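Have a look at the structure below, then the notes.
Numbering (our numbering), first residue to last: 377 to 723.
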C-alpha cells in the first residue's frame, strides 16, 4: 500500500503530523508513506523513520498556481493507492485529484466535494486536539483512536550533529540550555527578552551554557537577550538564530540538556527530540496543540483574557506574558533537570 500525504505548512504542524504516520504504520506495517510538502520541511521529514520520501511542493503558502499543481499531479499518476490531506484548503486537494489517486481522504474543508472521495465531517468536540484530527484520517470514519496516542520522535544522525557542533564551534563540556524566544505567529506568543535573559543568567551562573535558536527574524531578539547579560556572562551565550539551517538547528537542539520555548514550531521540535522542555504560553492554549512528550512543564498565567489567540494584544498590555515572571519557569526547569536553583526576590 502506497500512501501520499499532503503535509501542513508550519513547522509545529509537520512535527505533529508524525502521529498520523505512526498510526498508518501500526495499521499497515508494510505501507510506504511519501509526504508532499514545502522544501523547508525536508529536514523534519528526513528525521521521521516512517517517511519513505519527502516530495517537493515548490509553492509558497497560499499560492494557487494551478499549472504547477497539475504538472506535479500528472507526474505522480499511478504511483499511490491513497492520498491523505492534512490541510483543509481546496488547493491542497488538487495534486491528488490531478494524479488520479483512487482514494482521496480529508476533512470537508473548503468546498472539496469531487476533489475528495473519502470526505469526512469533523466533530471538534470528539477530536479537540490537532493530533486527533490528523490521526483520525488513518482510520475508517467513526472508528476509535488507539490508545495511548503516539508521540512524535525525530531520529538524529550523530555524524550530522557532530558536524554542526564543529561548524558552529560549540562544545558539550557543560550542560546546554536551549532558548527559543521567537514565534512566527506574532508578539502575543513571545515571552519578553528580559525574562529569557534572567533564566539565562541563572543557568550560566550554575555553570551552564546557553544556545539561542530561531529564524533570521529572531536574531535581533536573540542579541537583545544576550546583551542584557553582564560581560563575563554574555560570552556564554551563542546566538544561533538565523545562523543555522533547520536541519542544523534540529541536530544541535538534540544535544540540549533542557529547553525553554514559546509556543512555536521549535517547541514541538524540542518535544519530538524528547528534551526536557518548559513551554511558555501566552495568548494561545495547550488545549489544542500541546508539546507531545513526557518531560514537559507548561507555564502560563491563565488570565481572564487568555487564551485569545490574537497575534497582537487587543488591550496592548501583553500581561499574559509580561506578568509571567522567570520564577515559575526556573522552578519548572528545576523539576525537570533536578538541580536546586537560587532565586532572587522579585524574579
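By construction, the Cβ of each residue, glycine as well, lies at the ideal position given by its N, Cα and C atoms.
It should be emphasised that the depicted structure is a prediction, and the values quoted were computed from it without experimental measurement.
- Under the DSSP definition of a beta bridge, residue 479 partners with 458.
- Put simply, of 412, 532, 548 the residue whose alpha carbon is nearest the alpha carbon of residue 630 is 532.
- The beta carbon of residue 686 sits closer than 6 angstroms to those of 564, 659, all from its chain and outside the five residues before and after it, given in chain order.
- In the structure shown, residue 387 falls within a helical segment according to DSSP collapsed to helix, strand and coil.
- Here the alpha carbons of residue 524 and residue 570 stand approximately 39 angstroms from one another.
- Our two residues, residue 652 and residue 489, have alpha carbons roughly 44 angstroms apart in a direct line.
- In the three-state DSSP reduction, residue 612 falls in the helix class (H, G or I).
- Taking C-beta atoms as the reference points, residue 709 and residue 672 fail to come closer than 8 angstroms.
- In terms of Cβ geometry, residue 510 and residue 462 form a close pair [threshold 8 angstroms].
- Contact fails between the segment 675 to 684 and the segment 411 to 423, because fewer than three Cβ pairs, one in each stretch, are under 8 angstroms apart.
- A Cβ-Cβ separation of about 12 angstroms leaves residue 554 out of contact with residue 627 under the 8 angstroms criterion.
- Using a Cβ distance threshold of 8 angstroms, residue 613 and residue 588 count as a contacting pair.
- Per DSSP, residue 464 has no beta-bridge partner at all.
- In this structure the segment 450 to 464 does not lie against the segment 432 to 441, because fewer than three pairs of beta carbons, one per stretch, are closer than 8 angstroms.
- Residue 593 sits in a helix when the DSSP states are folded into three classes.
- Following the DSSP letters along the chain, one finds residue 681 in no alpha helix (DSSP H), marked with neither H nor E.
- Judged by DSSP in its simplified three-state form, residue 564 adopts helix.
- Inclusion of residue 382 and residue 468 in the CB contact set at 8 angstroms is warranted, their separation being smaller than that value.
- In this chain, residue 661 is not harboured by any alpha helix (DSSP H), its DSSP state being neither H nor E.
- For residue 707, the enclosing alpha helix (DSSP H) covers residues 702 to 713.
- Cβ neighbours of residue 430 within its own chain (closer than 8 angstroms, five residues either side excluded): 410, 411, 413, 417, 418, 421, 422.
- Residue 541 sits in a helix when the DSSP states are folded into three classes.
- Between residue 640 and residue 388 a beta carbon distance of about 7 angstroms is seen, short of the 8 angstroms cut, so the two are scored as contacting.
- Between the segment 534 to 548 and the segment 573 to 582, the count of C-beta pairs closer than 8 angstroms stays below three; the two stretches do not touch.
- DSSP places residue 637 in the strand class (E or B) of the three-state scheme.
- Shown here, residue 606 sits in coil according to DSSP, grouped into three states, outside any helix or strand.
- In the DSSP assignment, residue 410 forms a beta bridge with 380, 429.
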